[in-house]
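Peer 1: One point on numbering: in numbering that gives the first Met the number 0, the residue at position 58 of the sequence shown is 57, and numbering is uninterrupted. Each residue gets a CB set at the ideal place from its N, CA and C atoms; glycine is no exception. Dropping the structure in here first, questions after.
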Amino acid sequence: MLFNILILHLLALISPGPDFLYVAATVLNSTKKEQLKVVLGITTGIVFWSLVSLLGLSLMIQKFAWFIPVLSILGGAYLLYLAIQIYKSRKEKLGEQSKIKISFWGGVITNPKAIIYFSSIFSIYASKNNLQRNLVLLILMWSLSFFWFLFLSILLSHKKNIHLYQKKKICIDTIISLALLILPSILIINQTFLLYEKYY
């Protein structure tokens, strides 16, 4: 069962989502120190939401129906900001002072809807009476998340990929910024409608 859960988690990590896009968007325009900051930020977000889910705080959050939509909107807004910065700096050469601000907290808040994912995972595997089992699951999921995003950042920042990026920087930055404009916009619109339906 544990192996199946970890495979499921790996597939969830690999599938393009807010975290994946955030790494892809920032790693090509950042130093190794900044790349590590992004990876640690995303992993911290995963740690936080998994703990919230496992400790049962998700039930409390469900009582405050506005919490997740508002946090999702904030995360989407940050990705929109990032998209604009990437688009503005698309003509800059690598090595020039980048206008893109790489943020640890950006990695933390990009995917608050992860609480839904972790709640479903823990409802299958986690045990209320087995702290050791839960702790093993958490550590393995956190480690898998950290090393996947670290691997992704290293892969994208490989010399061959950087060389390709240098040649096609304007095109690649434009595509990334468009993706970061479209997906968060859809997220923000959906969450805004959700809030509207709940409170109006």
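To the nearest angstrom, report how far apart L179 and G16 are at their CA atoms.
Peer 2: The count along the sequence shown starts at 1 and reaches residue 179 at position 180. The count along the sequence shown starts at 1 and reaches residue 16 at position 17. A direct Cα-to-Cα measurement between L179 and G16 gives close to 10 Å.
Peer 1: Quick one: measure Cβ to Cβ for L53 and N133, integer angstroms, because I've assumed they're closer than 8 Å.
Peer 2: Working through the sequence shown from its first residue, we reach residue 53 at position 54. Working through the sequence shown from its first residue, we reach residue 133 at position 134. With a Cβ gap of about 6 Å, L53 and N133 count as contacting.
Peer 1: When the Cα of F145 is compared with those of Q190, L9, F2 and N3, which residue comes out closest?
Peer 2: Position 146 of the sequence shown, counting from 1, holds the residue named residue 145. Considering only alpha carbons, the answer is L9.
Peer 1: How would you write the range of the alpha helix (DSSP H) that S184 sits in, first residue to last?
Peer 2: Within the sequence shown, residue 184 is the residue found at index 185, counting from 1. K168 to Y198 is the span of the alpha helix (DSSP H), which, as asked, contains S184.
Peer 1: Determine the closest residue to I83 out of S184, F192, Y164 and H157, with distance taken between C-alpha atoms.
Peer 2: As a working note, residue 83 is residue 84 in the sequence shown. With distances taken between Cα atoms, I83 lies closest to S184.
Peer 1: Please report the residue range of the alpha helix (DSSP H) in which W141 lies.
Peer 2: Here residue 141 corresponds to residue number 142 of the sequence shown, with the count starting at 1. W141 -> alpha helix (DSSP H) spans L130 to L155.
Peer 1: Which class does E33 belong to by DSSP, given the choice of helix, strand or coil?
Peer 2: Indexing the sequence shown from 1 puts residue 33 at position 34. E33 falls in the helix class under three-state DSSP.
Peer 1: How about V22 and L151: do their beta carbons lie closer than 8 Å?
Peer 2: Working through the sequence shown from its first residue, we reach residue 22 at position 23. Working through the sequence shown from its first residue, we reach residue 151 at position 152. Against a cut-off of 8 Å, the Cβ pair of L151 and V22 comes out as a contact.
Peer 1: Mind reading off the beta-carbon distance from F117 to W65? Whole number of angstroms is fine, and I expect it under 8 Å.
Peer 2: What you label residue 117 is simply residue 118 of the sequence shown in a count that begins at 1. What you label residue 65 is simply residue 66 of the sequence shown in a count that begins at 1. Their Cβ separation, rounded to whole angstroms, is 20 Å, which puts F117 and W65 out of contact at 8 Å.
Peer 1: State the Cα-Cα distance for the pair S71 and S29, rounded to the nearest angstrom.
Peer 2: Counting from 1 along the sequence shown, the entry for residue 71 is found at position 72. Counting from 1 along the sequence shown, the entry for residue 29 is found at position 30. Cα to Cα, S71 sits roughly 25 Å from S29.
Peer 1: Take the Cβ of L50 as the centre, count every other Cβ of all protein chains shown within 10 Å, and call the residue buried at 16 or more, exposed below.
Peer 2: Indexing the sequence shown from 1 puts residue 50 at position 51. With fewer than 16 other Cβ atoms within 10 Å, it is exposed.
Peer 1: Taking 8 Å as the threshold (C-beta atoms), are W104 and G40 in contact?
Peer 2: Translated into positions along the sequence shown, residue 40 becomes position 41. Translated into positions along the sequence shown, residue 104 becomes position 105. Against a cut-off of 8 Å, the Cβ pair of W104 and G40 comes out as a contact.
Peer 1: With DSSP collapsed to three states, give me the class of G40.
Peer 2: By one-based count along the sequence shown, residue 40 stands at place 41. Helix at G40.
Peer 1: Alpha carbon to alpha carbon, what distance is there between V135 and N160?
Peer 2: Translated into the one-based positions of the sequence shown, residue 160 becomes position 161. Translated into the one-based positions of the sequence shown, residue 135 becomes position 136. Computed Cα separation, rounded: 36 Å.
Peer 1: D18 and Y86: beta carbons closer than 8 Å?
Peer 2: Residue 18 sits at position 19 when you count from the first residue of the sequence shown. Residue 86 sits at position 87 when you count from the first residue of the sequence shown. Not a contact, by the Cβ cut-off of 8 Å.
Peer 1: With A24 as the anchor, note down where its alpha helix (DSSP H) starts and where it stops.
Peer 2: Position 25 of the sequence shown, counting from 1, holds the residue named residue 24. Residues P17 to V26.
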